[in-house]
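Visitor: Its first residue numbered 375, the sequence shown is counted upward by one per residue in my numbering. No residue lacks a Cβ here, since even glycine has one placed at the ideal position from N, Cα and C. These figures come from a predicted structure and were not determined experimentally. The structure under discussion is supplied below as structure tokens; questions concerning it will follow.
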Amino acid sequence: MGEVAFVTIGLLTMFLIFIMVWAKRYKKCGPNEVMVIYGRKRKIRSAQTGEAVEVGFRVKKGGGAFVWPVLEDYKFLSLELMTIDVKTPEVYTVTGVPVTVDGVAQMKIKG
């Protein structure tokens, strides 16, 4: 009877450790961002040629994915509109007139 209880407790402990590791490494990203998971190599079929190509990343838009411990890492990339202020130092035209140009650029990653 003692051996059965010991084995049951051991299996239950291993199951709980597995669930905790899985829950800790399951990552979620919002609908306005992309999660780039990189590190582990895998093969995908190329859309243009149809042959298998080895890549070291996968991209998940919205939702969640399991990130393998030690083998993979992840970063988030926002799909929101980004604004960049562009300021040039004083430059001289061909006629020698100093000109300063300020601008604003807005860009968005298609998602």
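Using 10 angstroms around the beta-carbon of Ile458, count the other beta-carbons present and answer buried if the total reaches 16, otherwise exposed.
Guide: It counts as exposed.
Visitor: From the DSSP output, in three-state form, read off Ala421 for me.
Guide: Reduced to three states, the DSSP call for Ala421 is coil.
Visitor: Taking Thr474 as part of the alpha helix (DSSP H), name the residues at either end of that continuous run.
Guide: Per DSSP, Thr474 belongs to no alpha helix (DSSP H) and is neither H nor E.
Visitor: So what's Thr467 in DSSP terms, helix, strand or just coil?
Guide: Reduced to three states, the DSSP call for Thr467 is coil.
Visitor: In angstroms, rounded to a whole number, what distance separates the CA positions of Ile383 and Val408?
Guide: Going by the C-alpha atoms only, they are around 40 Å apart.
Visitor: Rounded to a whole number of angstroms, what is the C-alpha to C-alpha distance between Glu446 and Gly376?
Guide: About 41 Å.
Visitor: Which class does Thr457 belong to by DSSP, given the choice of helix, strand or coil?
Guide: In this structure, Thr457 counts as strand in the three-state DSSP scheme.
Visitor: Just verifying my parser: in three-state terms, what is the DSSP assignment at Val441?
Guide: The answer is coil: DSSP assigns Val441 none of H, G, I, E or B.
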